[in-house]
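Peer 1: As given, the protein sequences belong to chains A and B, one line each in that order.
Just so we're aligned: 229 in our numbering is position 229 of the first sequence, and the numbers increase by one with no gaps anywhere.
Just so we're aligned: 99 in our numbering is position 99 of the second sequence, and the numbers increase by one with no gaps anywhere.
We treat Cβ as the ideally placed atom computed from N, Cα and C, and that holds for glycine.
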Amino acid sequence: MTAAVARRLNAMPVYLDYHATTPCDPRVVEAMLPWFTEKFGNPHSLTHAYGREAEQAVEQARAQLADLVGADPREIVFTSGATEANNMAVKGAARFHRQFGKDGIVTLVTEHKCVLESARAMECDGCRVAILPVDRDGLVDLDRLTRAIDDKTAIVSVMAAHNEIGVIQPIKEIAALAHAKGALFHTDAAQAVGKVALNVADLGVDLMSISGHKVYGPKGIGALYLRRRPRARIEPLFDGGGQERGMRSGTLPVPLIVGLGQAAVLAKAEMAGEAQRLLALRARFLAGLRAKVPDVVLNGDAERRLPGNLNVSFPGATAVDLIAACPGLALSTGSACTAAEVEPSYVLRALGVGDDLAAASLRIGLGRFTTATEVDFAVDTLAAAVLWLRAREPVTSAAAGIT
Amino acid sequence: MVAGLSYLDWNATAPLRPEATAAVAHALTLNGNPSSVHRAGREARRLLERARADVAALLGAAADEVVFTGGGTEANALALQTFPARRILVSAIEHDSVLANAPDAARIPATRDGLVDLGALERLLTADRRPALVSLMFANNETGAIQPVAEAARIAHAHGALFHCDAVQGAGKQPIDFRRLGCDLMTVSAHKLGGPMGVGALVIAGGLDAAPLIRGGGQERGRRAGTENLPGICGFGAAALSVAAGMAAWGAVDALRARAEARLAAIAPDAVVYAAAAARLPNTICVAMPGVPAATQVMALDLAGVMVSAGAACSSGKVRRSHVLDAMGVAERDAECAIRISLGWSTTAAEIDHLVDAWGALYARTRASAA
Numbered sequence: 001m002t003a004a005v006a007r008r009l010n011a012m013p014v015y016l017d018y019h020a021t022t023p024c025d026p027r028v029v030e031a032m033l034p035w036f037t038e039k040f041g042n043p044h045s046l047t048h049a050y051g052r053e054a055e056q057a058v059e060q061a062r063a064q065l066a067d068l069v070g071a072d073p074r075e076i077v078f079t080s081g082a083t084e085a086n087n088m089a090v091k092g093a094a095r096f097h098r099q100f101g102k103d104g105i106v107t108l109v110t111e112h113k114c115v116l117e118s119a120r121a122m123e124c125d126g127c128r129v130a131i132l133p134v135d136r137d138g139l140v141d142l143d144r145l146t147r148a149i150d151d152k153t154a155i156v157s158v159m160a161a162h163n164e165i166g167v168i169q170p171i172k173e174i175a176a177l178a179h180a181k182g183a184l185f186h187t188d189a190a191q192a193v194g195k196v197a198l199n200v201a202d203l204g205v206d207l208m209s210i211s212g213h214k215v216y217g218p219k220g221i222g223a224l225y226l227r228r229r230p231r232a233r234i235e236p237l238f239d240g241g242g243q244e245r246g247m248r249s250g251t252l253p254v255p256l257i258v259g260l261g262q263a264a265v266l267a268k269a270e271m272a273g274e275a276q277r278l279l280a281l282r283a284r285f286l287a288g289l290r291a292k293v294p295d296v297v298l299n300g301d302a303e304r305r306l307p308g309n310l311n312v313s314f315p316g317a318t319a320v321d322l323i324a325a326c327p328g329l330a331l332s333t334g335s336a337c338t339a340a341e342v343e344p345s346y347v348l349r350a351l352g353v354g355d356d357l358a359a360a361s362l363r364i365g366l367g368r369f370t371t372a373t374e375v376d377f378a379v380d381t382l383a384a385a386v387l388w389l390r391a392r393e394p395v396t397s398a399a400a401g402i403t
Numbered sequence: 001m002v003a004g005l006s007y008l009d010w011n012a013t014a015p016l017r018p019e020a021t022a023a024v025a026h027a028l029t030l031n032g033n034p035s036s037v038h039r040a041g042r043e044a045r046r047l048l049e050r051a052r053a054d055v056a057a058l059l060g061a062a063a064d065e066v067v068f069t070g071g072g073t074e075a076n077a078l079a080l081q082t083f084p085a086r087r088i089l090v091s092a093i094e095h096d097s098v099l100a101n102a103p104d105a106a107r108i109p110a111t112r113d114g115l116v117d118l119g120a121l122e123r124l125l126t127a128d129r130r131p132a133l134v135s136l137m138f139a140n141n142e143t144g145a146i147q148p149v150a151e152a153a154r155i156a157h158a159h160g161a162l163f164h165c166d167a168v169q170g171a172g173k174q175p176i177d178f179r180r181l182g183c184d185l186m187t188v189s190a191h192k193l194g195g196p197m198g199v200g201a202l203v204i205a206g207g208l209d210a211a212p213l214i215r216g217g218g219q220e221r222g223r224r225a226g227t228e229n230l231p232g233i234c235g236f237g238a239a240a241l242s243v244a245a246g247m248a249a250w251g252a253v254d255a256l257r258a259r260a261e262a263r264l265a266a267i268a269p270d271a272v273v274y275a276a277a278a279a280r281l282p283n284t285i286c287v288a289m290p291g292v293p294a295a296t297q298v299m300a301l302d303l304a305g306v307m308v309s310a311g312a313a314c315s316s317g318k319v320r321r322s323h324v325l326d327a328m329g330v331a332e333r334d335a336e337c338a339i340r341i342s343l344g345w346s347t348t349a350a351e352i353d354h355l356v357d358a359w360g361a362l363y364a365r366t367r368a369s370a371a
């Protein structure tokens, strides 16, 4: 046992699951805490000082978040998270534009479940839904997309950066294709915001979903960017007190919104440097793995990819066994939402990865608090586990992914 | 609280209970998605399920009947949209989050005392025998009037209807038993009972198949997708546990409320307290100072450092006439002069004196200028 392994025995596992959730940055927690305690007013209680102070905090955070993505603050609608924002965008656009004869939804097979489930719910409601395949590298096929969008398409929804394989889609080109047919373009940017530069005006995005807890902010808060000029018209998911200009009713959770605003400020200031650091750590991770396990396979495009993302397959070692063999690492096989499922990732299948190799795949997420020491420890631990599992069981051609 | 300021708008939002603050602060330092299978995820899941049990216990429900949502509004929307085949009946005094999510619902009228008219409910259900969903709040957010929920649920069930109760204002202030009341669905909000904003729950009786409003990763057993707001939920659980243990403290609040109402009546014989004849939440006063618009009153009180509201705190921040008082048959000129004063577990006698003095000073000024 190496000294590094021994040192870590009693510590919390090394966290390599930054796509599932990120730790709330201590600076974000610090910004939030007063709003949980002494500054507790309801931001809609404009009849008194506590309410007005809370409202100002909400508006400041709205401006901070808008600034991160190049939006006007009035284009930010706070939601309980990216899942709600995605439901709101896909269902809301289809419900609104159906009355004008636009009943089509176009999306990709690799989208997050909340986009796919929203599209399927609308399909049950009579909408036309096209779920397109992707290339082997995980990228959209622009020709196929062009053919799928018609003048009755209400909305095209494509994720900005992928939650499992990290690939970054050509958002600007996709937005232009949607607009050429008069459709709205929505992007689920839960994984991309704060990690790579995104400017809604430059990209031509009409709707964009944002998550707090994927960007070192709190859980329970997110936002939908809703373009004002030209206005992206959608129906709200539900009604009530009419907050957020009627688009999203319910008391705004001030502490969470303050936290999201602070997370946006930090992301804007640190994104470029953090991306460089993560690219170096990821290169170190992959090089280390390749040195010890030469046949490791990288899933998804190698270049157009989130700096902190790796998705790798280890022929001859199943992900379930690997995770069990590495209690010192917090890893996942894919989306946390479906982590408990035994089925191989639908995303990897869509890339044409065979079932055996898909079942031998791990998602590795590096982030703001990942260190080089942790990377080295993870490489040593993972490689040792792969070699041990392979030695335990003879590698069959099927397990090696030669199918 | 800041010295010199008196917060008497607890029905809009309540400060966090210390136990909830501690739970939130702890959960914020944890890193784990409750759906993840690694150690951090499992620890998050353990806390999530403990909070679910604590919220369920406060409401007399089973833990697996509690579905966490982004707040009370979303929970009401989920309750009202989840059975699209049923016709909906709502009381005329419901919160906007019920009324707006059931725009085509039949309205059950209210009595002058601020209670739902049970005879009218019976007649509405008899006149139209299609499967229905009846929605009635536990206690009104403006007047505090506690509704005859158990009786209404009995009537609903006798007609084959499902019964939803928006218990946002009642939970934590009165003992509530989901099963004994006969509810099929019940809404609660964390921030009204000393938990954090951004989390609520819908209790869905076991066996009821509810269609989700927000779809995706299958969290909350497929009834509400989205990564769970773990710190919020932990705070909710801690607040639920704390209010359940502190229910007796409302007796003191009730006494403070009585003292406030007696002093207001002594100052202004023409002041009217609405729903005074009904059983009310121990903390709520809805009072009119005839001839003085509510906006003037809340502004004068705000200048004096007393925080109250002119009704529900919602979108516009504007002071509009209350649909609740309208439904009670209160004349427009009186309804426009009503404010809501709401107390909480840490309200002091000094804060009540502060309110009474400021309100009394305004009353004296307006009556002097009128004379």
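When burial is assigned at 16 or more other CB atoms within 10 Å of the CB, is glutamate 303 (chain A) buried or exposed?
Peer 2: exposed
Peer 1: Taking C-beta to C-beta, are valine 134 (chain B) and alanine 156 (chain B) nearer than 8 Å?
Peer 2: yes
Peer 1: Under 8 Å by Cβ, that's how I've got threonine 69 (chain B) and lysine 192 (chain B) pegged, so tell me the actual separation to the nearest angstrom.
Peer 2: Actually they are not in contact, since the Cβ atoms of threonine 69 (chain B) and lysine 192 (chain B) sit about 14 Å apart, beyond 8 Å.
Peer 1: For a cutoff of 8 Å on Cβ pairs, would you count histidine 26 (chain B) as touching chain A?
Peer 2: no
Peer 1: Against chain B, with Cβ distances strictly below 8 Å, would aspartate 17 (chain A) count as a contact?
Peer 2: yes
Peer 1: Taking just the CA atoms, how far does glutamate 244 (chain A) sit from serine 316 (chain B)?
Peer 2: With a pLDDT of 49 at serine 316 (chain B), under the threshold of 50, the modelled position of that residue is not reliable, and no figure is offered here.
Peer 1: Taking Cβ to Cβ, would you say leucine 264 (chain B) is nearer than 8 Å to valine 203 (chain B)?
Peer 2: no
Peer 1: Keeping to the same chain, check which residues put their C-beta closer than 6 Å to that of threonine 366 (chain B); ignore five residues upstream and five downstream.
Peer 2: Val292
Peer 1: Does the Cβ of glycine 101 (chain A) have 16 or more other Cβ atoms within 10 Å, making it buried, or fewer, making it exposed?
Peer 2: exposed
Peer 1: Report yes or no: is there a C-beta of chain B within less than 8 Å of the C-beta of isoleucine 234 (chain A)?
Peer 2: no
Peer 1: What is the rounded straight-line gap between the Cα of isoleucine 267 (chain B) and the Cα of glycine 360 (chain B)?
Peer 2: 6 Å
Peer 1: In chain B, which residues lie less than 8 Å from glutamate 117 (chain A) when you measure between Cβ atoms?
Peer 2: Arg215, Gly216, Ala225
Peer 1: Between histidine 38 (chain B) and chain A, is any beta-carbon pair separated by less than 8 Å?
Peer 2: The C-beta of histidine 38 (chain B) comes closer than 8 Å to at least one C-beta of chain A.
Peer 1: Would you kindly report the start and end of the unbroken beta strand (DSSP E) that includes methionine 208 (chain A)?
Peer 2: Where methionine 208 (chain A) is concerned, the enclosing beta strand (DSSP E) stretches over 207–211.
Peer 1: Can you tell which of B:Ser6, B:Glu19, B:Val67 has the C-alpha that lies nearest to the C-alpha of glycine 195 (chain B)?
Peer 2: B:Glu19
Peer 1: Can you tell me whether leucine 381 (chain B) is buried or exposed? The criterion is at least 16 other CB atoms within 10 Å of its CB, across all chains shown.
Peer 2: Any question about residue 381 (chain B) goes unanswered here, given that chain B covers just 1 to 371.
Peer 1: Residues of chain E with CB closer than 9 Å to the CB of cysteine 114 (chain A), please, in chain order.
Peer 2: As a matter of chain content, chain E is missing from the structure shown, whose protein chains are A and B.
Peer 1: Using a Cβ cut-off of 8 Å (strictly closer), state whether tyrosine 274 (chain B) contacts chain A.
Peer 2: no
Peer 1: Buried or exposed: which applies to threonine 79 (chain A), given that a residue is buried once 16 or more other Cβ atoms fall within 10 Å of its Cβ?
Peer 2: Buried: at least 16 other Cβ atoms inside 10 Å.
Peer 1: Report all residues from its chain with a CB closer than 8 Å to the CB of alanine 150 (chain B); omit the five preceding and five following residues, and keep chain order.
Peer 2: Once the five neighbours on either side are set aside, the close Cβ partners of alanine 150 (chain B) are Arg180, Leu181, Gly182.
Peer 1: Starting from the beta carbon of proline 196 (chain B), find every residue of chain A whose beta carbon is closer than 9 Å, and list them in chain order.
Peer 2: Phe36, Gly220, Pro253, Pro255, Leu256
Peer 1: Identify every residue that forms a DSSP beta bridge with glutamine 174 (chain B).
Peer 2: B:Ala171
Peer 1: Can you find a C-beta in chain A that's less than 8 Å from the C-beta of glutamate 74 (chain B)?
Peer 2: yes
Peer 1: What residues from the region 42–54 of chain A come within 8 Å of chain B, judged by C-beta to C-beta, listed N to C?
Peer 2: Asn42, His44, Ser45, Leu46, Thr47, His48, Ala49, Tyr50, Gly51
Peer 1: Does the structure place the region 164–173 of chain A close enough to the region 344–363 of chain A that three or more beta carbon pairs sit under 8 Å?
Peer 2: yes
Peer 1: Kindly list the residues whose CB is nearer than 7 Å to the CB of alanine 27 (chain B), restricted to its own chain and excluding five residues on each side of it in sequence; keep chain order.
Peer 2: Leu47, Leu230, Pro231, Cys234
Peer 1: Specify the secondary structure class of arginine 129 (chain B) as computed by DSSP and reduced to three states.
Peer 2: If DSSP states are grouped into helix, strand and coil, arginine 129 (chain B) belongs with coil.
Peer 1: Cα-Cα, which of A:Pro327, A:Val254, A:Thr333, A:Ala269 is closest to leucine 16 (chain B)?
Peer 2: A:Val254
Peer 1: Tell me whether methionine 392 (chain B) sits in a helix, a strand or coil according to DSSP, three-state version.
Peer 2: No statement about residue 392 (chain B) is possible, as the shown extent of chain B runs from 1 to 371 and does not include it.
Peer 1: Just the chain B side, please: which residues come within less than 9 Å of alanine 263 (chain A) by C-beta, in chain order?
Peer 2: Ordered by position in chain B, no residue passes the 9 Å Cβ test against alanine 263 (chain A), which lies about 13 Å from the chain.
Peer 1: Using a Cβ cut-off of 8 Å, pull out every chain A residue sitting near asparagine 141 (chain B), in sequence order please.
Peer 2: Those within 8 Å of asparagine 141 (chain B) in chain A number zero; the least Cβ separation is about 11 Å.
Peer 1: In three-state terms, what does DSSP make of histidine 323 (chain B)?
Peer 2: The answer is helix: DSSP assigns histidine 323 (chain B) an H, G or I state.
Peer 1: Whole angstroms is fine: what's the gap from valine 386 (chain A)'s alpha carbon to leucine 145 (chain A)'s?
Peer 2: 39 Å
Peer 1: Comparing the C-beta of glycine 489 (chain A) with each C-beta of chain B, is any distance below 8 Å?
Peer 2: The question about residue 489 (chain A) has no answer, for chain A in this structure spans 1 to 403.
Peer 1: Work out the CA separation of tryptophan 35 (chain A) and cysteine 286 (chain B) for me, nearest whole Å.
Peer 2: 28 Å
Peer 1: Please name the residue in A:Leu108, A:Asp151, A:Gln99 whose C-alpha comes closest to that of aspartate 126 (chain A).
Peer 2: The displayed chain sequence assigns glycine, not aspartate, to residue 126 (chain A). With distances taken between Cα atoms, glycine 126 (chain A) lies closest to A:Gln99.
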